[in-house]
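Protein chains in written order, with the working numbering: chain A, 1 to 223; chain B, 1 to 257.
For every residue, glycine included, the Cβ atom is placed at its ideal position computed from N, Cα and C.
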Amino acid sequence: MFSGMGTSLAIFGLTLAIALPLGLAVVALQQATKLPDVSIPHGRFSIRKYLKLILRFIVRAYLLIMRGTPLMLQLFFFYFGPYYIFGIRGADRFVMAIVAFGLNYTAYFAEIYRGGIESISIGQYEAAEALGFTKSQTFFKIILPQVIKRITPPMGNEFMSLVKDTALARVIAVAEMFDVAAKAASGSASTIPFVMAGVFYLIMNSVVEQGFKRAERKLEYYK
Amino acid sequence: MKTNEILTVNNIRKSFGSNLVLNDISLTVSKGEALAVIGPSGSGKSTLLRCINQFETIDSGEILVDGEPMVTTNSDNAPVYADKAALRKIRLKIGLVFQNFNLFPHYSVLRNLTEAPVSVLNIPKGDAEAIAYGLLDKMGLSEKAEAFPYQLSGGQQQRVSIARAMALSPEILFFDEPTSALDPELTGEVLKIIRSLADEKMTMVIVTHEMAFARDVADSVIFMDSGVVVERGSPEEVFGSAREERTRQFLERYTRG
Chain A
1 MFSGMGTSLA IFGLTLAIAL PLGLAVVALQ QATKLPDVSI PHGRFSIRKY LKLILRFIVR
61 AYLLIMRGTP LMLQLFFFYF GPYYIFGIRG ADRFVMAIVA FGLNYTAYFA EIYRGGIESI
121 SIGQYEAAEA LGFTKSQTFF KIILPQVIKR ITPPMGNEFM SLVKDTALAR VIAVAEMFDV
181 AAKAASGSAS TIPFVMAGVF YLIMNSVVEQ GFKRAERKLE YYK
Chain B
1 MKTNEILTVN NIRKSFGSNL VLNDISLTVS KGEALAVIGP SGSGKSTLLR CINQFETIDS
61 GEILVDGEPM VTTNSDNAPV YADKAALRKI RLKIGLVFQN FNLFPHYSVL RNLTEAPVSV
121 LNIPKGDAEA IAYGLLDKMG LSEKAEAFPY QLSGGQQQRV SIARAMALSP EILFFDEPTS
181 ALDPELTGEV LKIIRSLADE KMTMVIVTHE MAFARDVADS VIFMDSGVVV ERGSPEEVFG
241 SAREERTRQF LERYTRG
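If you want it as structure tokens, here you go:
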């Protein structure tokens with residue numbers, strides 16, 4: 001039971017460690033490949049522009065696939081894909097589960113970041129520019145702190161979903177909490193292990209909820 | 001060159017699509033001068049300000065700040081902007097006060113004033129704070145240093161944003177309709193501050209709809225309409241005996257309304 005808990009917690013922690021920064025990178029790529037609103041009618045052929053278009057398409061496709069297909073399917077894909085596509089054997093279940101969870105949650109986080117960034121008024125950027133801040137200073141000193149406040153509530157939702165989603169790793173036989181509980185239940189013909197698993201997820205999520213409540217309260221010093 | 005000319009704008013044009021917003025605008029602002037820019041909505045006043053503040057690029061013409069070319073025009077009549085370092089240098093000579101204040105909500109009033117001096121000009125924090133307290137005192141906001149923008153009235157916020165721009169000691173300060181977002185009873189306190197800056201001979205360009213204020217404070221007044229400078233003169237000339245029919249019509253509508 002305890003090793004199952006440890007595995008669940010590891011999936012949770014590692015997924016966040018990957019998806020939180022990677023989501024920001026995806027948004028950065030998305031923003032960097034934005035095309036100007038007014039297309040120049042007699043613009044010259046430019047490789048940069050096509051590269052931008054291609055990158056933008058890739059980001060869009062990635063976001064759609066990750067958010068548009070079941071995470072369970074993605075787990076199968078990353079675990080069995082290397083063998084069926086490239087003939088590579090011996091993919092590690094746990095590693096592949098982390099890859100699938102990481103890439104899946106990156107897509108959701110990227111969308112949350114995007115929503116937060118786009119909710120900041122253009123005036124903030126202009127004020128920063130007028131005061132001489134560089135682009136990166138503007139982002140890290142002015143924009144990001146405000147984005148963090150705005151995305152805290154939706155992030156809380158995602159964190160809680162992730163706690164429960166870790167149970168999906170058992171479809172590629174990662175021995176996480178739910179998998180251990182299910183095996184124990186069928187071994188002992190009892191539903192007690194399921195109850196215990198349920199309590200485990202509930203406790204974990206109440207910790208997550210408390211954490212977010214505290215974070216939100218901490219960020220209440222400004223509006 | 002004429003060293004007392006802080007801002008020189010020569011024949012600039014700017015269009016958005018097929019809409020010509022600035023049509024051959026020229027103007028100069030001398031050191032210590034307060035210039036008021038008036039005109040109906042859509043006359044190009046704000047766009048002019050945005051072009052000088054590098055938020056928009058011009059289609060042709062030239063802009064010089066403190067004698068340094070920000071943008072010139074080449075022989076093909078295309079604009080040539082200075083390199084990044086020069087543009088940045090010019091940017092720091094210019095202060096801008098926005099209609100909507102655009103204070104940083106997550107910083108205290110004090111930090112709103114010190115953040116740019118510290119991280120842009122590398123002024124030691126202690127010095128930046130001393131400057132900030134001095135400015136807040138001038139704005140009558142000494143006791144608000146630790147407050148956050150949301151705790152202030154609109155008039156107080158606008159005064160903080162003037163102080164924020166002043167904290168970088170710009171050569172010239174631009175105001176983009178500084179009282180248009182304020183309740184009528186709050187405009188007075190902001191105008192009083194701008195007036196005191198004029199008394200100290202701060203070089204300023206003020207886009208405003210406050211005609212009485214422009215008349216009272218400005219050294220010269222420009223009336224813009226449909227992207228052109230219709231006329232420029234002293235406040236007495238423009239408000240008292242405008243040469244152009246369009247100016248008279250505009251002022252008549254304003255004083256009646």
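Residue i classed as buried or exposed, judged by whether at least 16 other C-beta atoms fall within 10 angstroms
i, result
"A/PHE2", "exposed"
"A/SER206", "exposed"
"B/ASN19", "exposed"
"B/PRO184", "exposed"
"B/TYR107", "buried"
"A/GLU220", "exposed"
"B/GLY240", "exposed"
"A/VAL95", "exposed"
"A/VAL26", "buried"
"A/ILE192", "exposed"
"A/LYS141", "buried"
"A/GLU209", "exposed"
"B/PRO124", "exposed"
"B/ASN112", "buried"
"B/VAL9", "buried"
"A/VAL199", "exposed"
"A/ARG89", "exposed"
"B/ARG164", "buried"
"B/ASP176", "buried"
Reference residue i; option with closest CA among the options
i, options, result
"A/TYR222", "B/ASN23, B/SER18, B/PHE148, B/GLY95", "B/PHE148"
"A/PHE133", "B/ALA85, B/GLU129, B/ILE131, B/GLN156", "B/ALA85"
"A/GLY123", "B/VAL21, B/LEU141, B/PHE98", "B/PHE98"
"A/GLN30", "A/LEU75, A/LEU9, A/LEU53", "A/LEU53"
"B/LEU27", "B/TYR254, B/GLY227, B/PRO124, B/GLU210", "B/GLY227"
"A/PHE101", "A/GLY198, A/ALA189, A/ALA10", "A/ALA10"
"B/ALA181", "B/ALA198, B/ARG195, B/SER153, B/GLU171", "B/SER153"
"B/GLU5", "B/PRO105, B/ALA34, B/GLY17, B/ASN122", "B/ALA34"
"A/SER136", "A/ALA28, A/LEU20, A/PRO21", "A/ALA28"
"B/ALA130", "B/ALA218, B/LEU168, B/PRO105", "B/LEU168"
"A/ALA48", "A/LYS34, A/ARG60, A/VAL59", "Residue identity check: residue 48 of chain A is Arg in the sequence provided, not Ala. Among A/LYS34, A/ARG60, A/VAL59, the Cα nearest to that of A/ARG48 is on A/LYS34."
"B/ALA214", "B/GLU200, B/ALA163, B/LEU251", "B/LEU251"
"A/LEU103", "A/PRO21, A/SER190, A/ALA189", "A/PRO21"
"A/LEU73", "A/ILE172, A/GLY87, A/GLY187, A/ALA185", "A/ILE172"
Reduced DSSP secondary structure (H/G/I, E/B, other) of residue i
i, result
"B/ILE172", "strand"
"B/ILE12", "strand"
"B/LEU49", "helix"
"B/ALA130", "helix"
"B/ASP137", "helix"
"A/SER136", "helix"
"A/GLY87", "coil"
"B/GLU252", "helix"
"B/TYR81", "strand"
"B/ILE123", "coil"
"B/MET202", "coil"
"B/ARG243", "coil"
"B/PHE223", "strand"
"B/SER30", "strand"
"B/ASP24", "strand"
"B/MET1", "Note that B/MET1 has pLDDT 47, beneath the 50 cutoff, so the model's placement of it is unreliable and no number is given."
"B/ILE94", "strand"
"A/MET66", "helix"
Residue-chain proximity (residue i, chain E), Cβ-Cβ < 8 Å
i, result
"B/ARG243", "Absent here is chain E; the protein component of the structure consists of chains A and B."
Other residues of its chain near residue i: CB distance less than 7 Å, five sequence neighbours each side excluded
i, result
"B/PHE54", "For the sequence presented, residue 54 of chain B should be read as Gln rather than Phe. Only LEU87, ARG91 meet the Cβ criterion."
"B/VAL230", "PHE223, MET224, GLU244, ARG246, THR247"
"B/GLN157", "PHE101, LEU103, PRO149"
"B/SER15", "VAL21, ASP59"
"A/ALA107", "TYR62, LEU63, MET66, ARG67"
"B/ILE72", "What sits at residue 72 of chain B in the sequence shown is Thr, not Ile. Once the five neighbours on either side are set aside, the close Cβ partners of B/THR72 are GLU62, VAL80."
"B/GLY233", "SER220, VAL221"
"A/HIS42", "Residue placement at A/HIS42 is poorly supported in this model, since its pLDDT is 49, which falls under 50; the coordinates still yield a value, given next. If we look at A/HIS42 and ignore the five residues flanking it on each side, it has no Cβ neighbours."
Cβ shell of residue i (< 6 Å), same chain only, five flanking positions each side left out
i, result
"A/ARG150", "GLY116, SER119"
"A/ILE98", "LEU14"
"B/ALA198", "ALA34, VAL217"
Cβ shell of residue i (< 8 Å), same chain only, five flanking positions each side left out
i, result
"A/ILE112", "GLY23, ILE151, PRO154, MET155, GLU158"
"A/GLU176", "GLY4, THR7, SER8, ILE11, THR166, ALA167, ALA169, ARG170"
"B/ALA145", "SER108, VAL109, LEU110, ALA132, TYR133, LEU136"
"A/ALA215", "THR152"
"B/SER142", "TYR133, LEU136"
"B/CYS51", "ILE12, LYS14, LEU22, THR57, ILE58, ILE63"
"B/ASN77", "SER60"
- Continuous alpha helix (DSSP H) assignments of at least 4 residues falling wholly in the stretch 4-54 of chain A: none
- At 4 residues or longer, and completely inside the stretch 145-213 of chain A: list those alpha helix (DSSP H) runs for me, N to C. 177-188
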